[in-house]
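In our numbering, the protein residues as written are 70 to 676.
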């Protein structure tokens, strides 16, 4: 199945992106909230490779099956819909601490411009290699043109960062860009030819160069964001388009030159001095700590706090002490991913690990390896962190400095001394491979290898719940009642605990905890959906006790839930237990009893 094609067809047939107010999904279906349900073509949708279309509770539900997450992801890639889940996250923003908000703003501001910085860095790396080999003269026009291409992002950083930061702060990005551009305008920079000071309306102004700076424009746009909110409250709406841009530039540019600019430069210089001091005291220890904490910082998003410092160091001095240590994280992650690739015999595991290896090894991008390998095999975290710390300590010992922003194998010549850098990253890469190969990567409590079906003979599915038994046609949900998801049975629970009905692997555990899928060792796929429409509770009153990919034994506790609070919230707790691959069997026969205890026989499956 082409999930992308299915996603495109579904989006078109619900009336297009412009007809979608929001989109979320549960374990079986896409849940659209449409602006106009009449614009959706239900008949055409039902001709697609889906199970059903339902209009319920103000939602337009397209029932996909257990691969709904893949279709949802494709829709979010090809459109701007998917706001159902995003908006819930955005509603939590006000609950975030100050630190979280700061890092969120920094991340959102620098992420869009990182590709330009990386591209420029790669050109710098190319120039270094070409001149080192004697293939390009540093006096040639070609060299100067390519130098301009690689240096522009840094020289005009106040303009570019002003636009990006303005977007994140919710103000007009082009006014923000104009404020940044004013700091580089020749009339202002020309004042420095007459000394280090000037004046504005009699107020002394300390003159300094703002090219390649980070902190002055961040302070300036922060001030602009506050001023913009104030002006919108006091300026009549019919005059806002004209008056607010004028006043914003008129006030913020002088304020930046008088206050924000010098303060920002001093802050940047102080941070740089602090880093130099730390490296002077103990380059080995400082680098070791950077390497040791690098991967956790990426996971927590804290790495965005040091990226502006690295950029500022490169822009102002041409070198940086930190990036070499940071790149040890990338080579350690690459080494672990390669170790998993070499050791595993499973094709899926090999594919995932290689996908994590390539970006880390070639370009220093660690997220695919961290989330695709280290998150899957927890013990590999230890390998990567240990080797990152050791190799970063070597970076400090050799005094390695970065001369551009990018990482990966092709930028090695831009980290002098090159020999020291090669030795350091080799320790990270090959050390991680050896640890993974020698000690293995599988968690003893977890086995994510695919269960191979053994569809022969009879198979017993035991009850995951205690409660009253009823048929699926009594479930107040068309998808389950019509057996579109598969054959099975339903239970009205009397206890808020769900147990594993078979030995197998958790194939699905929805983040809200309201639904769990398990694939037995015999290849029987069981879906347990606790309540109807309970995805709307967003995980409240549910506690998942297992994780996706975890191997469980029959009788292990999977999910606990507060029955009384769920009922008080107005939700039906009837729980369908469905064999989602019923078509693979000759028969799926539920018991005929009216009540069942957890662990009792519930369903007989026959090939």
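Glycine included, every Cβ here is placed at the ideal spot set by N, Cα and C.
Query                                                                                                                                  : Result
Start-end ranges of the beta strand (DSSP E) lying completely within the segment 74-152, minimum 3 residues                            : 89-94, 98-103, 121-125, 128-132
Contacts around residue 643, its chain only, beta-carbon distance under 6 Å, and the 5 residues preceding and following it disregarded : 544, 559, 561
Neighbourhood of residue 242 by C-beta, 7 Å cutoff - its chain only, sequence neighbours within 5 removed                              : 232, 235, 236
Residue-level contact to chain C via CB, residue 300, 8 Å cutoff                                                                       : Among the protein chains of the structure shown there is no chain C, as only one such chain exists.
Through-space distance from residue 227 to residue 197, alpha-carbon basis                                                             : 26 Å
Distance between residue 551 and residue 95 (C-alpha atoms, nearest Å)                                                                 : 18 Å
Assigned secondary structure, residue 657 (DSSP; H/G/I helix, E/B strand, else coil)                                                   : strand
Cα-Cα separation, residue 225 to residue 216                                                                                           : 14 Å
Inter-residue spacing [alpha-carbon to alpha-carbon] between residue 77 and residue 148                                                : 9 Å
Presumed contact (8 Å Cβ cut-off) between residue 409 and residue 452, rounded CB distance                                             : With 8 Å as the limit, residue 409 and residue 452 do not qualify as a contact, their Cβ atoms being about 10 Å apart.
Residue 555 in three-state terms, based on DSSP                                                                                        : coil
Pairwise C-alpha distance: residue 209 and residue 256                                                                                 : 31 Å
Local Cβ density within 10 Å of residue 542, reported as buried at 16 or more and exposed below that                                   : exposed
Three-state secondary structure assigned by DSSP to residue 599                                                                        : coil
Extent of the continuous beta strand (DSSP E) to which residue 527 belongs                                                             : 527-531
With 16 other Cβ atoms within 10 Å as the buried cut-off, status of residue 239                                                        : exposed
Contacts around residue 382, its chain only, beta-carbon distance under 8 Å, and the 5 residues preceding and following it disregarded : 341, 344, 388, 389, 390, 391
DSSP-derived helix/strand/coil call for residue 671                                                                                    : strand
Buried or exposed by the 16-neighbour rule on C-beta atoms within 10 Å, applied to residue 493                                         : buried
Exposure of residue 120, with buried meaning 16 or more beta-carbon neighbours within 10 Å                                             : buried
N-terminal and C-terminal residue of the beta strand (DSSP E) that residue 585 is part of                                              : 584-589
Inter-stretch contact (C-beta, 8 Å, three-pair minimum) for the segment 474-494 and the segment 394-407                                : yes
Own chain residues within Cβ distance below 6 Å of residue 434, not counting five before or after                                      : 428
Reference residue 106; option with closest CA among 128, 98, 605, 99                                                                   : 128
Pair within 8 Å by beta-carbon distance, residue 364 and residue 454                                                                   : yes
Close-in-space but distant-in-sequence residues of the same chain around residue 113 (CB under 7 Å, 5 per side omitted)                : 82
Backbone secondary structure at residue 540 - three-state DSSP                                                                         : coil
Cβ shell of residue 450 (< 6 Å), same chain only, five flanking positions each side left out                                           : 443
CB of residue 501 within 8 Å of CB of residue 401, strictly                                                                            : yes
Residue 648 and residue 658 closer than 8 Å at C-beta                                                                                  : no
Status (buried if at least 16 other CB within 10 Å, exposed otherwise) for residue 346                                                 : exposed
Rounded distance between the beta-carbons of residue 140 and residue 72, thought under 8 Å                                             : 5 Å
CB contact flag (residue 150, residue 99, <8 Å)                                                                                        : no
Residue from 117, 574, 585, 116 whose Cα sits closest to the Cα of residue 567                                                         : 585
When 111, 324, 134, 641 are compared against residue 650, the one with the closest alpha-carbon                                        : 134
Close beta carbons around residue 460, own chain, < 6 Å, minus the five adjacent residues each side                                    : 397, 493, 496, 497
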